[in-house]
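Protein chains in written order, with this note's numbering: chain G, -4 to 285; chain P, 2 to 88. Ideal Cβ positions, reconstructed from N, Cα and C, are used throughout, including at glycine. Treat the numbers as computed from the prediction; the structure is a model and nothing was measured.
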């Protein structure tokens, strides 16, 4: 493992095994500057951009302005995901206005809360910030301690946390686990699993949608209350309400501010499949008792 | 149950709970059984199995304890340890 050293710009540079330098950003301003420089080189399929622009609620923006923002967001998300350092996470956290940060902490500390996100909207950074704010919280993800690849353990740990008043973060649009149905997002069919609604239904916990929203050169949190299990409600009824809410949040994200619309691979493949008249339904199995 | 159940009795308890979870009265299980071999034994149904065992045997698993269980025999090992610790 090579040791990171300071570059002239203040970012950490570490030499990878390939010999190519890998830059890790330590400040949000650097990650943003780099994203703005690289934006035009980000590869995004034209038909996909055409489709999303036709659905945007930001009609006052020209196509080129809108596309530019999506490119910057995508490059920034890539910087967060691939070239992240702890100082960068701290710096992004510092950029979040105190009131929204306090409100999230207050809300999530009040009782067991299942926190919903998605694989977009700066999802990696949202996970890192959640981890800093709630060190005892459970984060279910492909590369987290409670890996979605070990579905039973992750679900059990999340249930344990929720029942003891803690918080668990999950992004139900992931690709792990057994498909239990499809929901439509702007016409694209998204395969879903039952893990998140199962947790919410079996524990009766509060459920919250948590968005990390970029406003210029800073970030803020936005929370929205999601449906909670009603007394005596069946799982199938709750699951339907849960996914109706979740689909609405995704559609709002994909039609909203392009500055908060990084297009990650999974969603590019999902929408591209729709444009080709198909469904992108690649899934990765979870393991239990194997 | 006055005394701790034997492994064979625990296997029957696990089988009965899982059969109920999977809605499969004909389910056959051995200590070597894995989720891969049993239709519909997915992660959610495994959590339901663990909850069922907690309710039936009156103890609580911790998430650390249920991590990396290899097969039914490993689950029965864990249940025996929990029952011994409880008594």
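Between residue 124(G) and residue 100(G), the beta carbon gap of about 11 Å keeps them out of contact (Cβ cut-off 8 Å). When C-beta distances to chain P are compared with 8 Å, the residues of the segment 161 to 178 of chain G below that value are 172, 173, in chain order. Under the three-state reduction of DSSP, residue 39(G) is assigned to coil, being neither helix nor strand.
Taking 7 Å as the threshold, the shortest C-beta distance from residue 81(P) to chain G does not fall below it. Residue 66(P) is outside the set of residues whose beta carbon lies under 7 Å from a beta carbon in chain G. When the Cα atoms are used, residue 36(P) and residue 42(P) turn out to be separated by approximately 5 Å. Shortest Cα-Cα distance from residue 42(G) to any of 276(G), 199(G), 271(G), 93(G) involves 271(G).
For residue 43(P), the nearest CB of chain G lies under 7 Å from its own CB, placing it at the interface with that chain. Residue 29(P) is outside the set of residues whose beta carbon lies under 7 Å from a beta carbon in chain G. Going by beta carbons, residue 50(G) and residue 181(G) fall inside the 7 Å limit. For the pair residue 214(G) and residue 34(P), the Cα-to-Cα distance works out to about 49 Å. Of all residues in the segment 117 to 139 of chain G, only 133 come within less than 9 Å of chain P when Cβ atoms are compared, listed by chain position.
If you check each beta-carbon in the segment 239 to 272 of chain G against every beta-carbon of chain P, none falls closer than 9 Å. In the three-state reduction of the DSSP assignment, residue 196(G) falls in the helix class, which pools H, G and I. When secondary structure is reduced to three states using DSSP, residue 202(G) falls in the strand class. Excluding residues up to 5 positions away in sequence, 192, 195, 196, 222, 224, 225 lie with their Cβ nearer than 8 Å to the Cβ of residue 233(G) in the same chain. Secondary structure remark: continuous beta strand (DSSP E) runs of at least 3 residues inside the segment 77 to 116 of chain G, in chain order: 108 to 111. Counting along the chain, residue 131(G) sits inside no alpha helix (DSSP H), nor does DSSP assign it H or E at all. DSSP links residue 14(P) through a beta bridge to no other residue. Around the beta carbon of residue 36(G), fewer than 16 other beta carbons sit within 10 angstroms, so the residue counts as exposed. Here DSSP, grouped into helix, strand and coil, assigns residue 219(G) to strand. Below the 7 Å Cβ cutoff, chain P contributes 44, 45, 48 as neighbours of residue 150(G), in chain order. Note on geometry: alpha-carbon atoms of residue 34(G) and residue 131(G) lie some 36 Å from one another. Close to residue 51(P), with beta-carbon spacing below 7 Å, are these residues of chain G in chain order: 151. Residue 73(G) is positioned such that its CB atom lies no closer than 7 Å to that of residue 44(G). In the DSSP assignment, residue 148(G) forms no beta bridge with any residue.
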